[in-house]
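Residue numbers (the working numbering): 36 to 283.
Backbone N, C-alpha and C fix where the C-beta goes; we use that ideal spot for every residue, glycine too.
In this text the structure is predicted, and so the values were computed from the model without any measurement.
Since the structure comes first, as structure tokens, the remarks are kept for the end.
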């Protein structure tokens, strides 16, 4: 007599369509909430008050600085080979292409204003309810930067940044816009910190020294252009914050 065959329950396949719908929902804009600025301002105050948090802010600033070099370099036709963040919070991005010319100069110039300009963009996006979309884009960009990381420390820092962005994007519905606005303010602070440090360093191998060697203009001129970019971005963010708080 043949043995009875028991039905075998197969594991249910993941509902990919549901996951896709959840991801798309997290990219959609939310209703702007000016009250979300208060947590962002608390984040900024904590970074100002606590050296450890300020160091983490500087680390993010360095990553954005190097991404600025890389992004502009790619836009002007240079090839991006990778980047490194050092223990001293300095960094460098490696691109190749023509050793002189406008493209090389633009690539060298782009690093220092990048955190301030991105900071302004993040504040504006958060106040418009686009925090989820910003975090989604950040995750994709950080994945690309992870591939281009050229040291263990750099890779670890990029992974930690990506995990934080992923956690906020997927589970932080209440805090997405506030976190993005806070990050924007921290990047603005970091832009001023890094500009102060490079101006005080007197190191001719820094970006302003490179620009002086590539152009007929002195290093001090390029420092001044970064000051203007940081000042304009800070003024724009301050105006947006003021307008939002007036409506809160």
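Check                                                                                                                                                                            : Outcome
Tell me the DSSP bridge mates of residue 128?                                                                                                                                    : 118
On the three-state DSSP scale, how would you describe residue 10?                                                                                                                : Because the chain in this structure spans residues 36 to 283, residue 10 falls outside the shown range and cannot be described.
On the premise that residue 242 lies in contact with residue 148, defined as a C-beta separation below 8 Å, what is that separation, rounded to the nearest angstrom?            : Rounded, the Cβ-Cβ distance is 11 Å, inconsistent with contact.
According to DSSP, is residue 66 part of a helix, a strand, or is it coil?                                                                                                       : coil
By how many angstroms is the C-alpha of residue 178 removed from the C-alpha of residue 131?                                                                                     : 22 Å
In whole angstroms, what separates the C-alpha of residue 222 from that of residue 59?                                                                                           : 27 Å
Between residue 155 and residue 135, what straight-line distance do the alpha-carbon atoms span, to the nearest angstrom?                                                        : 31 Å
Are the beta-carbon atoms of residue 119 and residue 186 separated by less than 8 Å?                                                                                             : yes
Kindly identify the DSSP beta-bridge partner or partners of residue 184.                                                                                                         : 118
So, for residue 193: in the same chain, excluding its five sequence neighbours on each side, which residues have a beta-carbon less than 6 Å away from its beta-carbon?          : 177, 180, 181, 184
Closest to residue 198 by C-alpha separation, out of 174, 215, 188, would be which residue?                                                                                      : 174
From what residue to what residue does the alpha helix (DSSP H) around residue 219 run?                                                                                          : 211-236
Pull up the distance between the alpha-carbon of residue 157 and that of residue 249, whole angstroms please.                                                                    : 32 Å
Identify which residue in 168, 239, 152 has its Cα closest to the Cα of residue 227.                                                                                             : 152
On a CA-only basis, which of 103, 124, 110, 54 is nearest residue 87? Give me that one, please.                                                                                  : 124
Of all the options 204, 160, 94, 277, which has the alpha carbon lying nearest to the alpha carbon of residue 285?                                                               : The structure shown does not extend to residue 285, since the chain spans only 36 to 283, so no value can be given for it.
Rounded to whole angstroms, what is the Cα-Cα separation between residue 168 and residue 235?                                                                                    : 37 Å
Thinking C-alpha only, which one of 271, 279, 127 is nearest residue 100?                                                                                                        : 127
Please report how far the alpha carbon of residue 113 lies from the alpha carbon of residue 231, in whole angstroms.                                                             : 28 Å
Residue 110 to residue 191, Cα distance in whole Å?                                                                                                                              : 27 Å
Which stretch, first to last residue, makes up the alpha helix (DSSP H) that contains residue 159?                                                                               : 149-162
With a Cβ-Cβ cutoff of 8 Å, do residue 212 and residue 271 count as a contact?                                                                                                   : no
Since residue 188 and residue 122 should fall inside the 8 Å C-beta cutoff, what is the C-beta to C-beta distance between them, to a whole number of angstroms?                  : 7 Å
Drop a sphere of 10 angstroms on the beta-carbon of residue 209, count the other beta-carbons inside from all chains shown, and report buried for 16 or more, exposed for fewer. : exposed
Assuming residue 280 and residue 72 are in contact, meaning their beta carbons sit under 8 Å apart, how far apart are those beta carbons, in whole angstroms?                    : 6 Å
Can you tell me whether residue 274 is buried or exposed? The criterion is at least 16 other CB atoms within 10 Å of its CB, across all chains shown.                            : exposed
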